[in-house]
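Visitor: I have a structure here, written as structure tokens, and I will follow up with some questions on it.
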Amino acid sequence: VQLVESGGGVVPPGGSLRLSCAASGFTFDDYAINWVRQAPGRGLEFVSLISADGISAHYSDSVKGRFTISRDNSKNSLYLQMSGLRTEDTALYYCAKTGSYNSFDVWGQGTMVTVSS
Amino acid sequence: DVQMTQSPSSLSASVGDRVTITCRASQHISNYLNWYQQKPGQVPKLLIYGASTLQSGVPSRFSGSPSGTEFTLTISSLQPEDFATYYCQQTYSGPRTFGQGTRVEIK
Chain A
2 VQLVESGGGV
12 VPPGGSLRLS
22 CAASGFTFDD
32 YAINWVRQAP
42 GRGLEFVSLI
52 SADGISAHYS
62 DSVKGRFTIS
72 RDNSKNSLYL
82 QMSGLRTEDT
92 ALYYCAKTGS
102 YNSFDVWGQG
112 TMVTVSS
Chain E
18 DVQMTQSPSS
28 LSASVGDRVT
38 ITCRASQHIS
48 NYLNWYQQKP
58 GQVPKLLIYG
68 ASTLQSGVPS
78 RFSGSPSGTE
88 FTLTISSLQP
98 EDFATYYCQQ
108 TYSGPRTFGQ
118 GTRVEIK
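Top line first, the protein sequences correspond to chains A and E.
Heads up, the first sequence is in our numbering, so the first residue is 2 and it goes up one at a time.
Heads up, the second sequence is in our numbering, so the first residue is 18 and it goes up one at a time.
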């Protein structure tokens, strides 16, 4: 079971970026998937989740209206489209698979997003 | 949204000590409470889900217990490899909020 994030980089304030998460080793379309971020030296912050069928999603208040989560079950892939980026969005972004009691039982290694002019 | 209040924010303990970390939810979350361990430079690791069920491979010195909206993580005898930051998380409803974290340091 593996999750691999990609797409991070340096972007100016107000810019956009699309993160991807490639899944393998499990039946991707059976599970909800999540995005979590961690700013340098800070704690874990939930960002977004999408249901197994891609129909429903949740967002944290801090990203609602700016970020959009999506998935392509035919490609075993999860995405996070980020727009209107702010310096406070600078963080390591992880994708995580949902397990029992909706816990996050498998995590990727993360992809770094830096918002800076 | 459910708010999670975790305490203490940090603690110092010695090898062999019993350590307790508490997390309080702002509303009913049933037993949808999970605990994670994160060591510096590493990915978070699931320790306990459903308030009290140990994830596969997690040592039995870790335990979790619920009491209404208050949840406790206990390490019965702290080992050198347990020095890390611990987070609680609710996954009952809405955004899956984390607690602020508890850093467990060597005394």
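Where a beta carbon is used, it is the ideal one built from N, C-alpha and C, also for glycine.
Since the structure is predicted, the reported quantities are computational estimates derived from the model, not experimental observations.
I'd like the ranges of any alpha helix (DSSP H) spanning at least 4 consecutive residues and lying wholly in the stretch 27-115 of chain E.
Guide: You should have found no qualifying run.
Visitor: If you check the beta carbons only, do A:L86 and A:V12 fall under 8 Å apart?
Guide: Closer than 8 Å, so yes.
Visitor: Quick check: the stretch 105-112 of chain E against the stretch 100-109 of chain A, are there 3 or more CB pairs under 8 Å?
Guide: Judged by Cβ distances under 8 Å, the stretch 105-112 of chain E makes contact with the stretch 100-109 of chain A, as three or more pairs qualify.
Visitor: Which residues mark the beginning and the end of the beta strand (DSSP E) in which A:L93 is found?
Guide: Looking at the DSSP string, the run of the beta strand (DSSP E) that includes A:L93 is A92 to T99.
Visitor: A:G66: buried (16+ other C-beta within 10 angstroms of its C-beta) or exposed?
Guide: A:G66 comes out exposed.
Visitor: Beta-carbon within less than 6 Å of E:G199's beta-carbon, same chain only, minus the 5 sequence neighbours each way: which residues are those?
Guide: Since the first residue of chain E shown is 18 and the last is 124, residue 199 of chain E is not available in this structure.
Visitor: Specify the secondary structure class of A:Y1 as computed by DSSP and reduced to three states.
Guide: There is simply no residue 1 of chain A to check, as chain A begins at 2 and stops at 118 in what is shown.
Visitor: State buried or exposed for A:M113, treating a residue as buried only when at least 16 other CB atoms are found within 10 Å of its CB.
Guide: Flag for A:M113 reads exposed.
Visitor: To the nearest angstrom, report how far apart A:W36 and A:P14 are at their CA atoms.
Guide: Distance between the alpha carbons of A:W36 and A:P14 is about 21 Å.
Visitor: Thinking just about the alpha-carbon of each residue, which of A:G8, A:G16 and A:S7 is nearest to the one in A:E89?
Guide: The residue with the shortest Cα to Cα distance from A:E89 is A:G16.
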